[in-house]
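Okay, so here's the structure we're looking at.
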Amino acid sequence: MNTPSIYQDIIKAVSEEKKLLAVLIDPDKFKIEAVSRFIKKVNRTLITHVFVGGSTVDEFATEILVAKIKAHSTLPIVIFPGDVSQITDNADALLFLSLISGTNPDYLIGKHIEAVSKLKNSSLEVIPTGYVLIESGGQTSVEKVTRSKPLPRDDKQRIADTAKAGELLGMQFMYLEAGSGAMHPIPAEIISFVKQELNIPLIVGGGMRSRSQIMNAYESGADLIVIGTAFEEDETFFDQLRK
Ligand code: 1GP
């Protein structure tokens, strides 16, 4: 039997025009006792993936959180790492993010080299992913942590060319990021402009707080949407996304 592949499942879903939705759980913002109640709510929604990660996470917090999520859900768990310490074998896959919108070598290749000793003996599915940070109305924690500038939102050609360069380098997913808790999500016209250029799945996240924003992003070409803050701030948001 072939090993199940998160990447192949996403490719299949995209080819069938199914839209995907991930809840992002940040180990630093989440009390472990709250996980089972939270995940039970997730299980009643259209959410298809659980992403786990954050900008500044204590060592082992991710591992403990992933084990707890697994106990309550069969959804695929994907590590969306802010740092090497967040890589854990317990999860199903890892977005191996390269911050291609910036010029900080640590986040283009440096952290990846550090991660190799963990990954080479691991069964974690590693998915090379281009990560493109776009200006969203204020400084976000990803900008602070990575000490890199987002791409200006009025330069959609530069954004699309950056994403395309990532695809040509062999990245398997492209992630357009406004930043967690962003004031403004990625505009529809940027999503559709980038989507026209790409032949790989397009992930979009940052600052989405309503069902209509999610639907707009899907209509513009997002294949997988990531939402964290809206669920952290108001769990009744799950009710708008019921199966
Ligand atoms: C952050 O794109 C994700 O990396 C989700 O952002 O927390 O604003 O939903 P929010």
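Okay, so the sequence shown: first residue is 0 according to numbering that gives the first Met the number 0, each after it adds one. Note that CB positions come from ideal geometry on N, CA and C, so glycine has one too.
- A contact is defined here as three or more CB-CB pairs under 8 Å, and the segment 78-92 meets this definition with respect to the segment 47-59.
- Annotation note: the segment 49-124 contains the following uninterrupted alpha helix (DSSP H) runs of length 4 or greater, listed N- to C-terminal: 60-71 and 110-118.
- Linking Leu96 to Gln171 through their CA atoms gives a straight-line distance of about 10 Å.
- Contact annotation: Asn103 and Thr139 have beta-carbon atoms that are not nearer than 9 Å.
- Residue environment: Leu175 is assigned as buried (16 or more neighbouring CB atoms within 10 Å of its CB, all protein chains considered).
- For Phe172, the uninterrupted beta strand (DSSP E) segment begins and ends at Phe172 to Glu176.
- Across the set Ser116, Val49, Val193 and Leu23, the C-alpha of Val193 shows the shortest separation from the C-alpha of Asp154.
- Closest by C-alpha distance to Thr47, out of Thr73, Ser219 and Phe29, is Thr73.
- In chain order, the residues that have a beta carbon nearer than 6 Å to some heavy atom of ligand 1 are Leu23, Glu176, Ser179, Gly180, Ala181, Gly204, Gly205, Gly206, Met207, Val225, Ile226, Gly227, Thr228 and Ala229.
- Three or more Cβ pairs closer than 8 Å define a contact, and the segment 204-211 meets that threshold against the segment 179-192.
- Contact between the segment 62-70 and the segment 80-94 is present, with at least three C-beta pairs closer than 8 Å.
- The Cβ-Cβ distance between Val22 and Val41 falls below 9 Å.
- Boundaries for Gly220: no beta strand (DSSP E) harbours it, and the DSSP string shows neither H nor E there.
- Following the DSSP letters along the chain, one finds Ile24 inside the beta strand (DSSP E) bounded by residues Leu19 to Ile24.
- For the pair Lys117 and Ile158, the Cα-to-Cα distance works out to about 32 Å.
- Annotated three-state conformation of Arg146 is coil, per DSSP.
- Each residue's CA atom was taken as its position, placing Tyr6 and Leu93 some 10 Å apart.
- For Leu167, the enclosing alpha helix (DSSP H) begins and ends at Lys155 to Leu167.
- Taking the Cβ atoms as the reference, Ile24 lies roughly 6 Å from Val49, within the contact range of under 8 Å.
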